[in-house]
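Taking the working numbering as reference, the numbering of the sequence shown is continuous, increasing by one, and the terminal residue is 91. What follows is a single structure, written as structure tokens, with notes after it.
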Amino acid sequence: MPLASGSGCAEAVSASGYVWAGTDLILWLRVQPRASRDEWVGAAAAQFRVRITAPPVDGQANAHLQAFLATLFGVAKNRVTLLAGDKGRDKRWRITAPQRLPSGIAPPP
């Protein structure tokens, strides 16, 4: 899965693990691939932890995570964009106008 343009990994992680950019949600995630089930674990330090069943091979985990996040936030897959972390476990995602919010994420101000 290609990264969005301007997606350098140098941006500092938010203390809460997310920030609102207008109606878009920017999330910092720590992903555990090859888990027994797909699961939103919740906040851990300055990131949210997510477990997914897909292996970290040939972008399978990123594609699977994109679909999982789309379902979790109630949006289409094309509204979930990987910003940074294509090859690592620490990732940054943009959710465009999420319809639902999981535990640990407050609505925009």
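Here a beta-carbon is modelled for each residue, glycine too, at the ideal position from N, C-alpha and C.
Inclusion of glycine 41 and arginine 82 in the CB contact set at 8 Å is not warranted, their separation being larger than that value.
Alanine 66 carries a strand assignment under DSSP once its states are collapsed to helix, strand and coil. For aspartate 6, DSSP records a beta bridge to Ala3, Thr78. For valine 23, no pairing in a beta bridge is given by DSSP. In this structure, DSSP gives arginine 31 an extended state, which the three-state scheme calls strand. Residues Trp10, Ala25, Ala28, Gln29, Phe30 of the same chain have their beta carbon placed closer than 6 Å to that of glycine -1, with the five preceding and five following residues left out of the count. Taking C-beta atoms under 8 Å as the contact rule, proline 15 and alanine 43 qualify, at a distance of about 4 Å.
In this structure, the straight-line span from the alpha carbon of proline 37 to that of glycine 70 is close to 12 Å. Counting only the Cα atoms, valine 39 lies some 19 Å from leucine 65. The criterion of a C-beta distance shorter than 8 Å is not satisfied by isoleucine 8 and arginine 61.
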